[in-house]
Every structure is written in C-alpha cells, then in structure tokens.
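Shown next, in structure tokens, is the structure this report addresses.
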C-alpha cells in the first residue's frame, strides 16, 4: 500500500490515474510507443538480428547492398550493405542516449538560468532576456551545425555526435525553458512562503533552490518530453546533413536517411521508410505524453475562459499552454519586467 | 532545421508580448520601447554569427584544403586577412555594415545585397505557399477537432497534428518525392521551374524573384502551370509542419470560446452547435493565429533551409546552407542579418498589432 | 471582423491554388512547356557549382567547365587526343630551353568585337599572378618568370627552369584562359555580371543569359577561330543542381539532355537499365587513396616505438589485405575501378605495381602474405589503426560505405583492429596537415592531363600532403622526368617512381573513377576524353 501510494505520487503514474477517456488513451498510447522504443534500446543486442556495423553474416558472406526485404533481412539492406532492421533497432539506443544527455543539459542550463534571472531580477535579468530573444531568432540549423563543428571538432564518433546534437538543441531551446522557469520564478517569489523564508533569514541561494525552484518545476515533465523529441529531431537533421554519427560507431536514423536519398530516386523505398518511420514514431510517442501531461497539469486550460481576464489576447497564451505551459505564464512575465 | 517542427513555437514570443498598456498614453511609450529593442536583438545576433562563423574555419581551407600544401594555404589565408585578431575583423565588419556595405561573397564574388534580393523572393514565395497550405489544412481541421472535442475524430485530428511536426521535413520530402515524383511520376521532384522556363523567367525585365508573379507577367499559361507544379511538393512539406501548429491553436481557442458567456447565451437561444462553431466560436480563435503567423516567420525561414535543400528550391535557406558549407562568412553573415531583421521587425509589428487590438474593447 | 473575411478569402485562394496545381499536375508532367524556339537547344545539368567566371578567381571543376566553353586557350588537346596542340595559337613551341614562344594569327576578335592580341595574353597571365586570388590557381604558374610581347601576334613565356615539359599542359588548364584586357580588371577579380554585360568571351561560346549558380545560357561565338570545330548546336543551357538525386531525376524525366558530374552509383546503376537514356563513360583522372602520416602512424617517427621498417611493414600488410574490386562493385557499382599505382591507368607511363606485389596477384586479398610481412618485421598482431575519412561528401556521399568496407577487410583476419572516424571537411583539412590523423582518406582530380600531376604535388618536397614522407631518390626522379625531352626515357623514369612508391607506400591507392555522363537516348556528340573537359560544342540532339 505504501509503495502504491508512493508510486501514485510519481509524476507520470499520477497523471495516468488522474486522466479519463480520450486523454488517458492518448497518454497511454504515448507511454506504450515510448516504452516499446525503450525496450528496443535496452535489449538491442538481443533483439537485433545483426550488429549495427555488420557487413557480413556469420558465414563470412557479405549481405549485399540495397537488397529488398527478405527473410534474412526483413527490412532489406542499405546502400552501404548494412541490415536495415538491425540499424533501426540499434538506432533507438542512440536516440535514448541523446535524449538523456539533452535532458540533463537543459535542466542545468535553461532551468538554472531562468531561476537566477527570474528570482534575482535586475540588470542581469534584463540582459539575459534580450540575449534569449536574440538566440531565439537565430537560425537553428546554423547553430546546430556550428555546435557540431565546435563541440566535436567535426568528429563523428558516438559521444561527439550525441553531445553536438544535445548541446545545440539545448542552446536553441534555452530561451524557451529559460522563459518558462523565469516566469515561474517571478510568480513564486512573490508568494507568502518565500517572503517568510526570507524573513527567518534564509540565504538567497537557499530560498532560490529550496523554495522557488521546488515550486517552479510543475512544468518540468512537459519540458522534458519536448526537449527529448527535439533532441531526436536535431540529431536526425544533423545526421541528414552529414554532421552526425559515423555509421561504424553507432546506428543513427538521420545518417541512414541521408544515405537513402539516391535510393529514393531509384525507387528503393525500404532504406528510407523504416528509419524515417522510427523517428516519426518515437517523436509521436514522446509528444503524446507531453501533450497529455500538459492538458492534465493545467486546469486553467479548461476553466480559464470564465475568468474574463483579457480573453482574446490571452487566447494566444492559451494555446501555448497546450505544449509548453510556460507560454501562459509568460503572459504575466513582461508586465513584471516593465515594472522592474 | 527542426525548429520548424517545434510545437512549442508560440511559447517563445519576443519579449514584451501581449501586455499592452490599457491607457492610451503608455501605448506610445510601449511602441517606442518595443521598437528600440529591435536593435540590440539584431546586434547580438550579428555578433553571434560573426563569432560562430570565425570559429568554424575559413573559406580558403574549405575550397582548397585538399589541393594545396599547408604553407601555401596559410599564405593565402594570411593575404586574405583571415588570420588577424578577431576583434580587428569584427570592428572592420561592423564598420562596413553600419555604412550599409555588406560586401561581396568570398567564395563567388557576388554582391551580398544582390544575393539577398535574388533569393529572398524565392523564400518569400515558398513561405507564402506553405502558409496557404497551413491555413487550408490547419483551420478547418482545428475547427472540426474542437467541434468533436474529446470524441474520436478529435483524437484523429490531434494525432495528425502531432504527426505533422513529428515528421522531419527532409523525411517528408523524401516520401513525397518517392510517391509523387518516382512512383506516380506526376510532379517534378526539384527546382522552381523547368530549365527552359528558368531561362524564360530570368530574361524578364526587373524580375521580382517570385516566380508566380513573374510567370503571370510573362503571360504564358504553360510556364505558370510549370511553376505551380514545382511548388506543390515543397509547399506541402513545409506547410504541413505549420498546419499541425495551426490545427492545435484553432482547436484550443475554439474550445476556449465555447466557454465564453456570449456563446453560452447563443446556445441558450437555441443556436445549433454547428452554427456556433461556424458563426461564433472561430472568429476569436483567429487573433492568436495572427500572433502565431508572426512567430512562424522565424520557423518558416529556419524550416526553409531543409525544405529548400531537399527540393532544390533556390532561396535564402538553400544558399545559406551552401555558403555555410563553403565557410563564406561574409555571405552567411549577410543572410543571417537579413533574417534577423525580418524576424525582429515582424515580431515588433505583431506585438504592436496585439497591443492595438485591445481585447477589452472587443469584448 | 476584417480578419474573419480575410481568412475566408485566404482559404478560398489556398483551396483554389491547390486545386489548380493538382489539376495541372494531372495533365502535364514536369518540365515540358510550350514554345517552339527550343529546337537545337541542349540542356546540360551538373552538380558542380561555379565559383566565378573570372579565371583568376577560381580553381574548381565547376568554374573550369564554364571557362572551357567561353574563353580561348593558347594551346589545347583535340577531342580524344592527349597531345598538346595550338588552339588559339598558330604555333607554340620551345624556342630555347627557357623560352616558350606562341604566335597568334592576325585579326583575332573577341565576341564583343575587341581585338584579341598578344597584349591580351600578357595581360591575362600578369593579372593572374598579380591578383593571386586565394580561390585562384595562380600557384600553377610556379615556373613562369615573365611574359614578353615583341609584336601583336607573338608571345614569349620566359620560364624559370629549362625544358619544362609540364608548362604547355598547364596552359590548357586553369590559369591558361585568355581574357579581354579592355573588360577585365588588372588587379582584382572581375564580377561575373560585368563579364557577361561586356560579352568578353572568346571561346567556342558566349554567354547570353547568366543567372548565377542556377542557369547559364550559351550561344555559339561567331568570332571563335580556335582548334575545335564550330558549335553544332544553337544554344546550350546549363543548370546547376545541388543534389545528385535531383540531377538524376531530371535527366531520367527528360528535363535535361545531359547530366555531367556527378551522379551517385545508385543513380547510375538505375539509369543503366533505362532505355530512355544512355550512360557515356570516359577515362577518369579522379583517384581515391589513403595517406599515411609518417610521424604518427603505428611505429611512425614521432611515436614511442618509432621504427621505419615496422611502419613500412604495416603499410605493406594493409596493401596486401585490401580487396579493391569488392569495394568498387558493392559501394560504387562499377563507377570506380581498382587502382594499383599512384598514377592512374591510362596515363602516359602508368603501371600496376601494387597488383603484382600485394595480395593474391589478381587484385584479391592475401591474409597469409600480410601475416608474413608483419611477422618478418617482428610486429605483434593485432595492430591498432586509426583511420579518418571525410563525412560531408567532399569526396562523394559513399565515403562512409567505402571506409566501412576497408575497415571490414583489414579486420577480417585479425591482423588489424581499426578505429574508424569521420570529420567534416574544413576541420578535416586543418587536421590532416597538423598531424592529427595517422591514416586518412583523400581524393584527387587532376589539374592537367599528365602523370606528373600525380607525382610532383604528392611526393616532391613541400608536397600538399604534408605527411613527412621524404625520399631523395623519388624526388630526383620526379625532377628529372619533368624536364626529360626524350619520351622513352621519361616513361622509364615515371615507371621507376611508381615502382619505388609501391614499396615505400606514402599513399595507398584504392580506386580510380571514370568520367560518366548520362544523356538522353537521342543525344549525340558527348565526348569524354583525357582532357577531363566536357566540351559542349559537338553535342546535338535527334
């Protein structure tokens, strides 16, 4: 019972229990899809028929390039002579690797900056906000490629490629996370319990981390799912543009798509459809989770219209809520800044 | 890049959004402050691009790294001045930019301003087509989703919306090419017009760069048809990304408006649900869309890089990717500066529009 | 309320446009348009970007292809010949060991009517050296001391070294293009638009419409009086594609008549079975090879266990394990062929020493031989190798597949373990000359059509590889062959160099690429010869 109760307080499980009907369906569907990919990632060595960089069978005979799907190769082989099914399965390992790194990085960078900026305020806040705005307008392709070159010196091993993708998406999306957390921090710091903590003499850092941060992170699970799917899409785009991971170091779906470009014009479909579908599915799964959590996390989404606060205008903020709830809170933020 | 697939796009508006001062006097001040904010934004961006580009290598190594001995390369780099201290090059660059001189591209000796004009039209054209697709798909489906809220068609439309941005634009491009250009053979796979028509369009006096307009001016229906055909696949690939975002926006807002008192009032008068959606609920939903279109400009321009590359749509995004590969920093800086100005100005205008349409007046 | 009606209108437009587009899509297929004045027009597609029209500002294939069509060259090679003969010139010969004298016919004109005299020739070479553009090829004029013009029709090139057999070849290449001194700037690269506006052309063609890196339209130059017969087509339109798969679809669908450089092996394989098009091959000068850094490779001079003999054994054992044919077949589908020497097959003096010395004698691998070489040198196996290749398609999109197979072949018998990595091009170019990569991939496309172009730049002192290889005997031989006036003696020297290089192995040759063009079935006159220039003049349709 104790275990169940504690389980029930865990973020995702609590929400599954909360949800009903269609929302529960979407949340569960998202969890199932993501779960399947997680299983593929963990058990890739057992599930994949061959290694991700294997060119020959155990009998020493090479697989052959661009062979159509067959019994030996259910998804066919690539132009480089790899087994497509094996690379799709191993690719999920790379995908989860990049997700993990991206999430850790975004928590440290975006959340920390937002917290400091929002809580401390002042000129630091103003400078950070302007920079965040500018970075937001930066073409992400350029940033990701530059990050790939600077971070990994254009090297394409597994670690280099994963960090390049993870860091570049962190940089690109810092403005968004920054904004969300900053707005939350601004909101929370005006609350009575923060005041009382200050009154009893808690240090600034203590107040910030013990009180403000803890109360600013209700949106975190949503940020995480969003960041995760963005990390995968960025890794794939880098791979597609030739800045990704070397095929003998790890399996990466974007690289396989890149190599399938000329297959497509020759009507060879199996080398592109399967890795592409894997990208779409895993992002779909993560986004379903994110959206459902989002709907559940924010009761204002449904009730808000009745509080007739600047209805039409805040409508824009409303939609933001759907994916990144910070969007809604953000609407309050500039007012604060203009006050400051 | 994937920015175009960012569902959260609307969540990152430029700073002082949606908080117009209610009183008339401070509106003027707000507009002024908001206008002045454009400059630091563009400045920071130009600086970032400059620094980033210089850390990734020089155009001479990019072009001749596989042909020349190291000392000859170094000599050429020295003669071109790329080995001077960064700060010297930066000050020099800023000086040129402030006098309106964007220079000539390093790799192919083109005037940067020419490059911007020549390819800007193509990107604008693609962005407009994509917006049309996004409207045509996103708005009706979003209204339907709201109408069927929490029933199965709603789930279908919402999953469709997620699929729209879960699909990387280059994968969408590959699939569209595979189906329509290779298997069915009904649509051209790349380019903006057939080679002959490109020449015909290029010969036009004062071409606008927007082929649709140029083709109409030429008055040849065959060329116009060719131009439209070439636009179909890129427009769909880029448009669907945005369509997903629009669909969600419309859905949420229509649902929100359903809860408004005046809709309740209409409902109590016995107005049918269909009519409610059709007549009452969707109009307020447009206001956030106007805002989002502004924000989408940045994403469309970003997504255009991959779309344009996939479909050989020779616009700014396509050129940006090419110049980036060649490490032509003058060209990249010029293009990014232009994009930055466009994004900043559009956001400014959207903010002002949002401030002017004070919702309290309307409701 | 305006917004509501605007949107309704926008929706209507969108629906209308979509419907119109789909309807059009149904009735016509891509690229076909009306207009009857396209008879005699040849459409050429390529993926080679043009850097600049000005010969002083470019050193790349895309620009050279255009320059070949529109600028005159003093000397050239005729179709399907490798002999350098007068083109624009009337005569061209060595009049003394350091004087190469060229005479021009009187009364030559540029397409715009300006006089074409020896003064233009001197101007062209002087400006190229004076500008020394970072993107230019002025470095190829390393042996040119000065240019003298005794009269309007005579040009004397004063050379630094005697009897330079290479200089006439260089005149057929990048820096050999002659430009109009009344149009071009003496001290700066001239913008493309100025060149086109002034019609400053003197080759078989002139450019009549120029949309930078998109389309170029050529029409025959009535004032051309060079070696090649006048153009047989009325107009040529050249379109630049960014992606080879789009180029492939264009030629397959008949949007263009000829696709030249570069189609992927998959594309070519697919097109070979298509009766609407023909695949045309020509001798290829492109080579792919691995470079060894003599300092940092296993047992290299700067490693902890430095031992030149062991390092050489490692290189030779690697040579014995390669199966080039398997790579050529699987990765390149026959568009590349195995390369068994540092000088590619088809060039004057080329031999195949790697074929005889390493492997099973017929090109296949020989694991026993490799094991013996390593054991004789006293090397513990497996030997760890780090091999680097370029990831962003500088040497084509198949590099990854190629090196995955190299890795597989080297590891197959347990003699080597390979750590394979890739790097994007600019970083790669910097790293390779700063000793970062012990073993790495490179490719080469010749500047001019002669074996020397595969020797001097590679193995001479201060070569572009910068891999710390140095061998006095090879260097002497290279210097000798460059000034050798006796043909059979020169052939012997070139053979000797190749033989010695197959023992020393500074570079390990892998593959040699053919030139390939794909043309519509009704296209004639596409000539791909050892000049490595695709000349548009003889191409006709129907």
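Chains as they are written, first to last, in this note's numbering: chain F, 7 to 346; chain D, 546 to 908; chain E, 228 to 769.
Note that beta-carbon positions come from the ideal geometry of N, C-alpha and C, so glycine has one too.
For residue 42 of chain F, there are no C-beta contacts with chain D under 7 Å, since the nearest C-beta of that chain is about 15 Å from it.
For residue 510 of chain E, there are no C-beta contacts with chain D under 7 Å, since the nearest C-beta of that chain is about 21 Å from it. Under DSSP, residue 68 of chain F shares a beta bridge with F/62. Under the Cβ criterion of 8 Å, residue 749 of chain D is not counted among the residues facing chain E.
If you draw a 10 Å sphere on the C-beta of residue 578 of chain E, you find 16 or more other C-beta atoms in it, and that means buried. Considered as a whole, the stretch 544 to 592 of chain E harbours 563 to 565 as its complete beta strand (DSSP E) runs of no fewer than 3 residues, in chain order.
Contact between residue 524 of chain E and residue 541 of chain E holds, since their C-beta atoms are separated by about 7 Å, short of 8 Å.
Nearest neighbour of residue 739 of chain D by Cα position, chosen from E/291, E/476, E/445, turns out to be E/476. Counting only Cβ-Cβ distances below 7 Å, residue 289 of chain F has contacts in chain D at 711, in chain order. In the structure shown, residue 625 of chain E adopts coil according to DSSP, grouped into three states. Think of a sphere of 7 Å around the beta carbon of residue 272 of chain F: the chain E residues whose beta carbon falls inside it are 493, 494, 497, in chain order.
In the same chain as residue 749 of chain E, and ignoring 5 residues on each side of it, the C-beta atoms closer than 7 Å to its own belong to 768, 769, in chain order. Scanning the stretch 306 to 372 of chain E from its first residue to its last, the whole beta strand (DSSP E) runs of 3-plus residues come out as 311 to 313, 318 to 323, 326 to 330. A Cβ of chain E is located within less than 8 Å of the beta carbon of residue 254 of chain F. Interface annotation, residue 569 of chain E: not in contact with chain D, CB-CB separation never under 8 Å. Take the alpha-carbon of residue 609 of chain E and the one of residue 602 of chain E: they are about 11 Å apart. Only residues of its own chain outside the window of five on either side were considered, and among them 571, 672, 673, 676, 759 have a CB closer than 7 Å to the CB of residue 512 of chain E, listed in chain order.
With respect to residue 792 of chain D, residue 676 of chain D sits apart: the two C-beta atoms are not nearer than 8 Å.
The Cβ of residue 664 of chain E sits no closer than 8 Å to any Cβ of chain D. Secondary structure of residue 613 of chain E (DSSP, three-state): strand. Apart from the 5 residues on each side of it in sequence, residue 411 of chain E sits with its Cβ closer than 6 Å to the Cβ of 417 in its chain, given in chain order.
Residue contact check for residue 722 of chain D against chain F: a CB pair falls below 8 Å. Considering only beta carbons, the part of the stretch 443 to 473 of chain E lying closer than 9 Å to chain F consists of 470, 471, 472, 473, in chain order.
Under the 8 Å criterion on CB atoms, residue 615 of chain D is classed as interfacial with respect to chain E. Under the Cβ criterion of 8 Å, residue 276 of chain E is not counted among the residues facing chain F.
The Cβ atoms of residue 450 of chain E and residue 338 of chain E lie closer than 8 Å to each other.
Within the stretch 107 to 136 of chain F, 135, 136 place their CB atoms closer than 7 Å to a CB of chain D, listed in sequence order. Across the structure, residue 724 of chain D and residue 275 of chain F are spaced so that their CA atoms are roughly 10 Å apart. For residue 513 of chain E, the pairing in a beta bridge is given by DSSP as E/740. The residues 172, 173, 176, in chain order, have a CB closer than 8 Å to that of residue 111 of chain F in the same chain once the five nearest residues on each side in sequence are set aside. Between residue 749 of chain D and residue 756 of chain D, the CB-CB gap reaches or exceeds 8 Å.
In this structure, DSSP gives residue 375 of chain E an extended state, which the three-state scheme calls strand.
Per DSSP, reduced to three states, the secondary structure at residue 76 of chain F is coil, with no helix or strand assignment. Using a Cβ distance threshold of 8 Å, residue 324 of chain E and residue 568 of chain E do not count as a contacting pair. Non-local beta-carbon contacts of residue 869 of chain D in its own chain, meaning distances under 7 Å to residues more than five positions away in sequence, involve 877 in chain order.
In the three-state DSSP reduction, residue 271 of chain E falls in the strand class (E or B).
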